[in-house]
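As they're listed, the protein sequences go chains Y and U.
According to this note's numbering, the first sequence is numbered sequentially starting from 49.
According to this note's numbering, the second sequence is numbered sequentially starting from 52.
Backbone N, C-alpha and C define an ideal beta-carbon position, used for all residues, glycine too.
Being a predicted model, the structure only gives us computed values, none of them experimental.
First the structure, in the form of structure tokens, and then the observations on it.
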Amino acid sequence: MNFDYSEEQQLLADSVRRFLQDKYQFEARKKIIAGEGWSPQVWATFAEMGLTGLPLPAEYGGFGGGAVDLMGVMEAFGEALVVEPYLATVMAARLVARGGSETQKKAILPAVAEGRMKLAFAHDEKQRAVLGAPAADKLVVAAKGSLSLVDAKRARMRPFRTLDNMLAADVSIAGAPAEPLGGGRAAIDEVIDFATALICAEAVGAMKFACDTTLEYLKTRKQFGVPIGTFQALQHRMVDMFIAYEQAKSMACLACSKVDAGEDAAERARAVSMAKIKIADSARHVSQEAVQLHGGMGMSEELKVSHAFRRLTVLARQFGDADRHLARLASL
Amino acid sequence: MDLNYSTEEVAFRDEVRGWLKANLPADLRDKMAGYEHLSKEDLLRWHRILAKQGWVAPAWPKEWGGTGWNVVQRYIFEEELGYAGTPPLIPFGLTMCAAVLLQFGTEAQKKRFLPRIYNGDDFWCQGYSEPGSGSDLASLKTKAVREKDSYVVNGQKIWTTLAHYADWIFCLVRTDPSGGKRQDGISFLLMDMKAPGITVRPLILMDGAHEVNEVFFDDVRVPAENLVHEEGKGWTVAKYLLGYERMNTGRIGESKRQLAALKEFSSALLKNDLRFRDRLSRLEVELAALEITNLRFLDRMRRTGQPPGADVSMLKIKGTEIQQGLSELMMEAADPSAHDDFSVSIRKKYLSTRKTTIYAGSNEIQRNIIAKMTLGL
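Right, here's the structure in full:
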């Protein structure tokens, strides 16, 4: 039993966090969102740091990392509310790694690892709201339990920004040439569980930011001549946010460990669903309380806390909300 | 990161589990499973079985009978006791008084009391709360006046768990009423419950059980040698004990057993009532989160060698909320018109479990502790 990151995992998470604190401040992030919705410079740095190769097999230019290796990175992404299409690329790339032919893997994976190619995964049967699609070079498309590869330039897209300012598009691949990609339902389930574990970690990071910034606000905001954090009604609510964050972190550890262990699909699904239920509940609780305890300032677009609220609201629902995972848990 | 127990830890768990299976008397196990009342004799019988095995006080130093287990092994052991459904080990002597004596007691006090606690010869209770001093414990008024070689004690304690079984009570008393910082005038005294002037009066709780009492002190003479630590330093002792207590409050093994019993008991309902099913699943998720959080704290303690921080108060908060949630669902799963013994016991269990968020530092006090010590509010 050991809940530490390895030295390597910790070093990577720390350097990602430092980079984001330096170059992905709230104002910088705003500019990215106002522009393309992703940043080539940031992406190039992700590639230099090895993030784009980390979850890919070593024989195709990656580092063979798993969810636990990415956990600290995803927490740092959550704290900084990163909008880059990282998860989309990772999901699609892992499907290529799992089911792709030798030619497909050679054509795609090293390019992804080096930061030259971005991908997206249309897991919705109707290809709606495909995250990262507008920035992607290639799309992995799931239809009726089988997968195919489509050149993104040949697909028609209606791009938009999600509630939390992520890049997405409704995609139509009618008429576009599609290459079959190996791996069916089992591969799709596996990669979605993998991604769910990752967004659990990301949500933990966003909750950490929400808790930290709210605690800071309680200590500095004065009313009635004293910091509002001296009021017990608010102290107890802050404590409950902190507990929700810690409980969520525990469940993210469970989900990431179990998707890496990978022996038994049912056990993996069970751990991921349990984690997602807790993360969804905690994300809702922490984000709503963070806004409430900030008072009117919590509503303002000018404060990062309202953006954390938006992100956590989406993460709570992404890959299934608590109700869907309660149903899946019961079916296992 | 590895959430699994090591091979050695799994082997240790299996050894404990196997031993408990072979050595927990069936009648005691059945009483626990049926939520029945346990007599003093029941409690002591189980205590002595563990004492004979050498497992009744794992946390004590080896010279006094401890097992030398590390924090993780001790945690595994406690959870296995709960999971097996053994009668509880009453903590007042084994955990609380012993911890105080080991840290602050004289050699003579240790020699006099520890072996008797270990063997179950003395049953202890805890004299902390008073009618006017609950969460605000430092306002306590029970007075102890030094007269030559004794203290003369007058006053009243309340909510004293199992005082009607107890041979001894450890008490916080006020030895210096002269103002100043009110924490400074408090001392820690050990008293023989048979001493003249001590009266125990039952307080029956809403489930009809006699578990807690009022204890009255009327000119009780206590030999001065029964003072622990210095006069006026009782608050230091109490604070030490508080930190010591908190690691042990999640009761995860016990809740796992309750959850399994609930699943079995409500199997028909689980298929037909999705709302019930989801409420149960959420509790199961909460319990898993609590267990992993507890393991994270243990891992931190083992790595740093530091005592638990104030944030472990969350284990008490979440653990007791889960216990209450389980007892509530158990009651709801039972046929509301049934009045056989088991159905009645389930309802009483629900009533009784409401105490868990109140005792041992109410959950509101635990939140105060986290707010102040961990969050710096």
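From the listed residues D312/Y, E132/Y, F67/Y, G368/Y, the smallest Cα separation to P182/Y is found for E132/Y. The three-state reading of DSSP puts T361/Y in helix, counting H, G and I together. Non-local beta-carbon contacts of L377/Y in its own chain, meaning distances under 6 Å to residues more than five positions away in sequence, involve S321 in chain order. Per DSSP, the beta bridge partners of N50/Y are D53/U. CA-to-CA, the gap between I421/U and M255/Y works out to about 18 Å.
Annotation: H171/Y is outside any alpha helix (DSSP H) and is labelled neither H nor E by DSSP.
Identification of residues in the region 302-315 of chain Y having a C-beta nearer than 7 Å to some C-beta of chain U yields L302, S305, given in sequence order. Going by C-alpha positions, D308/Y is about 39 Å away from L75/U. As DSSP reads the structure, F143/U sits in no beta bridge. With a beta-carbon spacing of about 15 Å, F268/U and G285/U fall beyond the 8 Å limit used to define contacts.
Contact of K326/Y with chain U by beta-carbon distance below 7 Å involves V336, A340. Contact check for T226/U against G283/U passes: the beta carbons are separated by less than 9 Å. Around E294/Y, the beta-carbon contacts reaching into chain U at under 9 Å are A340, T344, R347, D362, M365. Spatial neighbours of Q207/U in its own chain (CB-CB distance under 8 Å, excluding positions within 5 residues in sequence) are listed in chain order as E181, P182, T193, E265, V266, F267, F268. Counting along the chain, V107/U sits inside no alpha helix (DSSP H), nor does DSSP assign it H or E at all. Counting C-beta pairs closer than 8 Å gives three or more between the region 148-166 of chain Y and the region 97-105 of chain Y, which meets the contact rule. The beta carbon of F316/U sits closer than 6 Å to the beta carbons of A384 from its chain, once the five residues preceding and following it are set aside; these are given in chain order.
D270/U: member of the beta strand (DSSP E) spanning 261-274, first to last residue. About 7 Å separates the beta carbons of H88/U and A260/U, which is inside the 8 Å limit, making them a contact pair.
Among the CB atoms of chain U, none fall inside 9 Å of the CB of V320/Y. At least 9 Å separates the beta-carbon of A149/U from that of R80/U.
Under DSSP, S388/U forms no beta bridge with any residue.
When DSSP assignments are scanned along the region 275-315 of chain U, the uninterrupted stretches of alpha helix (DSSP H) that are 4 or more residues long and fall wholly within it turn out to be 285-296.
For V353/Y, the nearest beta carbon of chain U is not closer than 9 Å to its own beta carbon. Each residue's CA atom was taken as its position, placing Q234/U and Y410/U some 21 Å apart.
Sequence-ordered contacts of the region 299-333 of chain U with chain Y read L321, L325, R328, D329, S332, R333 [C-beta pairs closer than 9 Å]. Ranked by how close their Cα comes to the Cα of Y108/Y, the residues F125/Y, M214/Y, A141/Y, V334/Y have A141/Y in first place. For M52/U, the nearest CB of chain Y lies under 9 Å from its own CB, placing it at the interface with that chain. For G126/Y, the uninterrupted alpha helix (DSSP H) segment begins and ends at 115-128. Annotation: the continuous alpha helix (DSSP H) that includes R68/U extends over 58-74. The closest CA to that of K103/U, considering only V336/U, Y169/U, K406/U, L366/U, is found on Y169/U. Secondary structure at P253/U: strand, using DSSP grouped into helix, strand and coil. Under the Cβ distance rule, L426/U counts among the residues neighbouring chain Y, one pair being separated by less than 9 Å. In the DSSP annotation of this structure, C176/U is not part of any alpha helix (DSSP H); the continuous beta strand (DSSP E) holding it starts and ends at 175-178.
Against G101/Y, chain U offers no close residue; the least beta-carbon distance is about 21 Å (beta-carbon pairs closer than 8 Å). Look at D350/U here: in three-state DSSP terms it is helix.
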